[in-house]
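*Asks:*
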Amino acid sequence: MATLLRIGLLKPSFVPSRRERELRDLSRYRLALVQERSQEIQRVQKILESANIKIGSLISDVNNMSGRLMLQAIIKGKLTPEEISTLGHANLKHSPEEYTKALKGRVNAVHQRLLSMQLTHIDELTQRIVELDN
13 MATLLRIGLL KPSFVPSRRE RELRDLSRYR LALVQERSQE IQRVQKILES
63 ANIKIGSLIS DVNNMSGRLM LQAIIKGKLT PEEISTLGHA NLKHSPEEYT
113 KALKGRVNAV HQRLLSMQLT HIDELTQRIV ELDN
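Each step along the sequence shown adds one to the number in this note's numbering, with nothing skipped, and position 132 is 144.
1. Apart from the five residues on each side of it in sequence, which residues of its chain come closer than 7 angstroms, Cβ to Cβ, to residue 94?
2. Assuming contact is defined by CB atoms lying nearer than 8 angstroms, are residue 114 and residue 65 in contact in what I supplied?
3. For the structure I just gave you, are there three or more beta carbon pairs, one from the segment 71 to 90 and one from the segment 118 to 134, closer than 8 angstroms?
4. Three or more beta-carbon pairs under 8 angstroms between the segment 55 to 62 and the segment 30 to 44, yes or no?
5. Under three-state DSSP, which class holds residue 23?
6. Alpha helix (DSSP H) containing residue 72: first to last residue?
7. Look at the alpha carbon of residue 31 and the alpha carbon of residue 110, and state the distance between them as a whole number of angstroms.
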């Protein structure tokens, strides 16, 4: 190897500039946060499934505006499935009856607390991702 290096047949290792190294660190951290947020959203869906709430089959993303409104109502526990189904955005693909059927489940205090904690964590992760984007 030393002989090859002396006669110029080996290329020197690439050492990125300081700015490139910092950008790599930021982008790797951002990727980790995005992955963690995705995992947390999956945990929310798992809690909903364990409570026999099948809203994930009707809404592609439980973290969108309609999903969030419905999740907040589920956490508060004061609305019936019929009332929660009306919280969705007007452009939802399915009928209110389908949402009512999907929202009938058994949500207990533990489910509500876990969902609340998970949504707070998702919001914190989203805020960090926005900060990194800026």
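A virtual CB, placed ideally from N, CA and C, is assigned to each residue, including glycine. What you are looking at is a predicted structure, and each value in this text was computed from that prediction instead of being measured.
*Replies:* Based on what the coordinates show:
1. Around residue 94: 112.
2. For residue 114 and residue 65, yes; Cβs fall inside 8 angstroms.
3. The segment 71 to 90 vs the segment 118 to 134: in contact.
4. Touching, no, given that fewer than three Cβ pairs across the two stretches are closer than 8 angstroms.
5. In this structure, DSSP gives residue 23 a state outside helix and strand, which the three-state scheme calls coil.
6. Residue 72 -> no alpha helix (DSSP H), and no H or E assigned at all.
7. Going from the Cα of residue 31 to the Cα of residue 110 covers about 52 angstroms.
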